[in-house]
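Heads up: the sequence shown begins at 86 in the working numbering, then just goes up one per residue.
Using N, Cα and C, we set each Cβ at its ideal position, and we do this for glycine too.
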Amino acid sequence: MTERPKTAPMSAPILFRRRFEVPCTVEVSHTFESLHAHVALDGDVAVAPGDEVLVHGAPIEVPYGEVRTERRTATVTQATIWERMWTRATGDLEFMELCEFSFSEEVRP
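Listed below in structure tokens is the structure:
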């Protein structure tokens with residue numbers, strides 16, 4: 086496992102992506118009240134727009150009515166400054182794609 090740098094979100098690499106591994110806690114809930122999966126990275130890792138987090142290991146399958154918490158390792162890939170600026174500039178437009186909805190009964194292919 087490589088040593089993770091202690092960096093602030095704005096100290097992004099300029100030309101090359103920086104990648105490091107960090108331990109994390111994964112919580113998956115499959116209950117009537119909540120259906121979610123949360124990842125909490127250990128330490129003072131700052132995740133900024135454009136960064137990627139890949140959690141290693143087999144998929145966590147939780148039966149209905151249960152909540153499961155597991156320890157895993159995640160690989161954090163920090164975006165370059167150019168990728169970060171692009172993500173900030175286009176992020177609002179991509180968010181609007183998630184808001185596409187309809188109240189008609191028409192079935193779309």
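Alpha carbon to alpha carbon, what distance is there between residue j and residue i?
{"i": "F101", "j": "E137", "result": "14 Å"}
{"i": "T154", "j": "V140", "result": "13 Å"}
{"i": "H115", "j": "I145", "result": "11 Å"}
{"i": "V152", "j": "T110", "result": "13 Å"}
{"i": "T54", "j": "R104", "result": "There is simply no residue 54 to check, as the chain begins at 86 and stops at 194 in what is shown."}
{"i": "F117", "j": "D177", "result": "31 Å"}
{"i": "V113", "j": "E168", "result": "30 Å"}
{"i": "E179", "j": "A122", "result": "22 Å"}
Any idea what DSSP makes of residue i, helix, strand or coil?
{"i": "T172", "result": "helix"}
{"i": "E179", "result": "helix"}
Measuring alpha carbon to alpha carbon, tell me which of the options ends up nearest residue i.
{"i": "G142", "options": "R157, G135 and G150", "result": "R157"}
{"i": "P148", "options": "M170, L120 and W167", "result": "L120"}
{"i": "V107", "options": "R169, G150, T172 and V124", "result": "V124"}
{"i": "T165", "options": "L126, G135 and A122", "result": "G135"}
In terms of residue numbering, what span does the beta strand (DSSP E) encompassing residue i cover?
{"i": "L120", "result": "L120 to L126"}
{"i": "R156", "result": "E151 to Q163"}
{"i": "T110", "result": "R103 to H115"}
Can you find at least 3 beta carbon pairs, one from the segment 122–130 and one from the segment 154–167, that sit closer than 8 Å?
Contact holds: three or more Cβ-Cβ distances are below 8 Å.
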